[in-house]
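For what it's worth, the working numbering labels the leading residue of the sequence shown as 37, then goes sequentially. No residue lacks a Cβ here, since even glycine has one placed at the ideal position from N, Cα and C. Note that the structure is predicted; figures quoted are calculated from it, not measured.
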Amino acid sequence: MTNRLHLLFEQLDLATEHALAAAEALGPRAYTPPVPGEWAAAQVIHHLLTTEKRITQALRQTLAADAGALRPGTYKNRLRALLLRVALRLPGLKFKVPPMLTPPPAPETIAPLPELRAEWTSIRRQLEQVLHEFPGTKLNHTVFRHPRAGWLTIGQTITSVLDHALHHQQQLHRISKVLG
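Encoded structure:
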């Protein structure tokens with residue numbers, strides 16, 4: 037794993053810990069939507085976990101496939117990755133869940149937060165393994181197709197996972213404020 041990927045990975049760990057801590061601080065209210073029709077904190081955590089699980093699976097499949105089939109990134113890829121990053125960092129901007137990801141289930145059907153934490157730890161270790169195994173010669177090749185930004189390199193992919201977590205931290209903060 038390159039130094040840059042390692043730093044991104046550490047930032048992702050920190051962002052995940054903050055998100056989980058924010059939801060856990062709500063206690064049983066983590067399963068209560070702040071207002072009808074909005075997500076509860078547990079649903080946000082479930083969504084982040086599901087997204088990271090899908091991305092990790094996609095990256096593992098890419099690693100298992102022929103590395104020679106990977107295409108070099110282009111300026112268009114960089115521009116789209118940058119636009120995604122800006123959009124995810126803008127406060128208050130909302131997005132619909134992409135069609136390939138189903139919205140989170142009803143709050144009462146989501147596993148307890150300690151179980152989600154344990155599952156997330158497992159997924160995170162898998163992601164770490166993918167990053168360790170990733171060939172250094174392919175760092176500038178596209179490896180993951182983001183539903184909105186298109187093809188991303190491994191660094192852009194991890195950055196988008198981090199930005200996604202930070203985007204939802206804002207949402208968790210709003211939920212915490214409403215639920216007090």
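- Beta-bridge analysis with DSSP links HIS177 to PRO108.
- Straight through space, the alpha carbons of ILE81 and PRO148 are spaced by roughly 11 angstroms.
- Annotation: THR138 is outside any alpha helix (DSSP H) and is labelled neither H nor E by DSSP.
- The segment 41-53 and the segment 151-165 touch, with three or more beta-carbon pairs separated by less than 8 angstroms.
- The segment 80-100 makes contact with the segment 55-64; the number of CB pairs closer than 8 angstroms reaches 3 or more.
- Proximity to HIS204 across ALA123, LEU95, GLN93 peaks at ALA123, based on C-alpha coordinates.
- Measuring C-alpha to C-alpha distances from LYS132 to each of HIS200, ALA59, HIS42, LEU62 identifies HIS200 as the nearest.
- The alpha carbon of TRP156 has as its nearest neighbour, out of ALA66, PRO70, ILE91, the alpha carbon of ILE91.
- Beta-bridge pairing by DSSP links THR189 to THR178.
- If you check the CB distance, LEU43 and LEU198 do not come in under 8 angstroms.
- Here the segment 110-120 makes contact with the segment 169-186; the two share three or more CB pairs at distances below 8 angstroms.
- In this structure, PRO171 is the residue among THR193, ILE211, LYS130, PRO171 with its C-alpha nearest to the C-alpha of LEU99.
- Sorting THR178, GLY128, THR68, PRO143 by C-alpha distance to the C-alpha of TYR111 places THR178 at the top.
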